[in-house]
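Following this note's numbering, the numbering of the sequence shown begins with 186 at its first residue and continues without gaps. Cβ atoms here follow ideal geometry from the backbone N, Cα and C, with glycine treated the same way.
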Amino acid sequence: MELKRLISHFTYRIEPKPGGGFMAHPSDPSVAPIEAPTREELQKKIQENILAGLSAQFPGLKLPVENEDLQFAFHIERKPEGGFVIHSSDPNAEPIEVLTHNDMESHFAEKIIGFVGKHLTPELSQALAAQ
Numbered sequence: 186m187e188l189k190r191l192i193s194h195f196t197y198r199i200e201p202k203p204g205g206g207f208m209a210h211p212s213d214p215s216v217a218p219i220e221a222p223t224r225e226e227l228q229k230k231i232q233e234n235i236l237a238g239l240s241a242q243f244p245g246l247k248l249p250v251e252n253e254d255l256q257f258a259f260h261i262e263r264k265p266e267g268g269f270v271i272h273s274s275d276p277n278a279e280p281i282e283v284l285t286h287n288d289m290e291s292h293f294a295e296k297i298i299g300f301v302g303k304h305l306t307p308e309l310s311q312a313l314a315a316q
């Protein structure tokens, strides 16, 4: 899967539903939206979806599904003067300011590559290094 498609496949916009609950709309129009009664449940469903998708795309990944340390959540705010600020769910992470969508995609590509690289099996890491 192309990296740009991978990023859009796993990027969601969360918004409240008028009748209650929350809905996550994926950036990729071919991916179905996800619904849940609470924001926390929705984020858990999104996380499970991302982990399942990454495991399918990268079979050598060893991702313990119940591990809370594997959270990869953030939200993006548009700045009034232009550009965006990316806030991570990690309380120790500083917000990141970017000017364009391309800058944002580059940042997410770096994060996904780092995340995938950190969880590759040693065998797959060695096979990739040998190529």
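Straight across, the Cα-Cα distance linking SER193 with ILE271 is about 16 Å. Annotated three-state conformation of ALA209 is strand, per DSSP. Taking the Cα of GLY267 as reference, the smallest distance to any Cα among GLU282, LYS296, HIS210 and ASN277 is reached at GLU282. Collapsing the DSSP output to three states places PHE269 in a strand. A distance of 7 Å or more separates the beta carbons of PHE207 and PRO214. Per DSSP, GLU279 lies in no alpha helix (DSSP H) segment and is marked neither H nor E.
From the listed residues GLU290, LYS264, LYS296 and HIS286, the smallest Cα separation to ASP275 is found for LYS296.
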